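Colleague: Structure provided below as structure tokens; questions to follow.
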Amino acid sequence: MARARTTSDVFNAIAEPRRRQILELLAARGALAVGTLVVLLGHPQSAVSKHLGVLRKVGVVAVLKQGKQRVYRIDAAHLKTVHDWVKPFEQLWDHHLARIKALAERRARQQAFSHNPQQQKGPS
951 MARARTTSDV
961 FNAIAEPRRR
971 QILELLAARG
981 ALAVGTLVVL
991 LGHPQSAVSK
1001 HLGVLRKVGV
1011 VAVLKQGKQR
1021 VYRIDAAHLK
1031 TVHDWVKPFE
1041 QLWDHHLARI
1051 KALAERRARQ
1061 QAFSHNPQQQ
1071 KGPS
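Per our numbering, the sequence shown starts with residue 951, numbered consecutively.
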């Protein structure tokens, strides 16, 4: 299935890896100036500004002018759409991770038991 060309919704906007990278930086470091993002990402200023424009258009980032700089921050309210969509899948992952953990613990106990002959004999 071909991906939609539009970036007018949050899902399409965050489908682009560089935009997710921008969001990750903003989430980790708080509000950042465009110039700082350019340095951290190692991408041309024009590309970073274009990606920020898309993210701003869908509302996941907000911009504040501080003197000559534009400072961007995440607007978490608009990311709620993504969170609400992903939330039902958390139970699936939690269930799978719990099963993996139980299996790993069981195997660790079996290996410990097979490597320790004292446990096999029992108390004397």
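Note that CB positions come from ideal geometry on N, CA and C, so glycine has one too.
Treat the numbers as computed from the prediction; the structure is a model and nothing was measured.
Under 8 Å by Cβ, that's how I've got Asp1025 and Gly1009 pegged, so tell me the actual separation to the nearest angstrom.
Modeller: Numbered from 1 along the sequence shown, position 75 holds the residue referred to as residue 1025. Numbered from 1 along the sequence shown, position 59 holds the residue referred to as residue 1009. With a Cβ gap of about 6 Å, Asp1025 and Gly1009 count as contacting.
Colleague: Report back the beta-carbon spacing between His1001 and Arg968 to the nearest angstrom; my notes put them in contact at under 8 Å.
Modeller: Locating residue 1001 in the sequence shown gives position 51, where the first residue counts as 1. Locating residue 968 in the sequence shown gives position 18, where the first residue counts as 1. Distance from His1001 to Arg968 at the Cβ level is roughly 5 Å; contact confirmed, criterion being Cβ atoms closer than 8 Å.
Colleague: When you compare the segment 1056-1065 with the segment 1009-1024, are there three or more beta-carbon pairs, one atom per stretch, that lie closer than 8 Å?
Modeller: no
Colleague: Given a threshold of 16 other Cβ atoms within 10 Å of its Cβ, counted over all protein chains shown, does Ile929 qualify as buried or as exposed?
Modeller: Because the chain in this structure spans residues 951 to 1074, residue 929 falls outside the shown range and cannot be described.
Colleague: Consult DSSP for Phe983 and reduce its assignment to one of helix, strand or coil.
Modeller: What you label residue 983 is simply residue 33 of the sequence shown in a count that begins at 1. Just to set this straight, residue 983 is Ala in the shown sequence, not Phe. Three-state result, Ala983: strand.
Colleague: Using the Cα positions of Ala981 and Val1036, report the straight-line distance between them to the nearest angstrom.
Modeller: Sequence index remark: in the sequence shown, residue 981 carries index 31 (1-based). Sequence index remark: in the sequence shown, residue 1036 carries index 86 (1-based). Near 25 Å, if we compare the C-alpha coordinates of Val1036 and Ala981.
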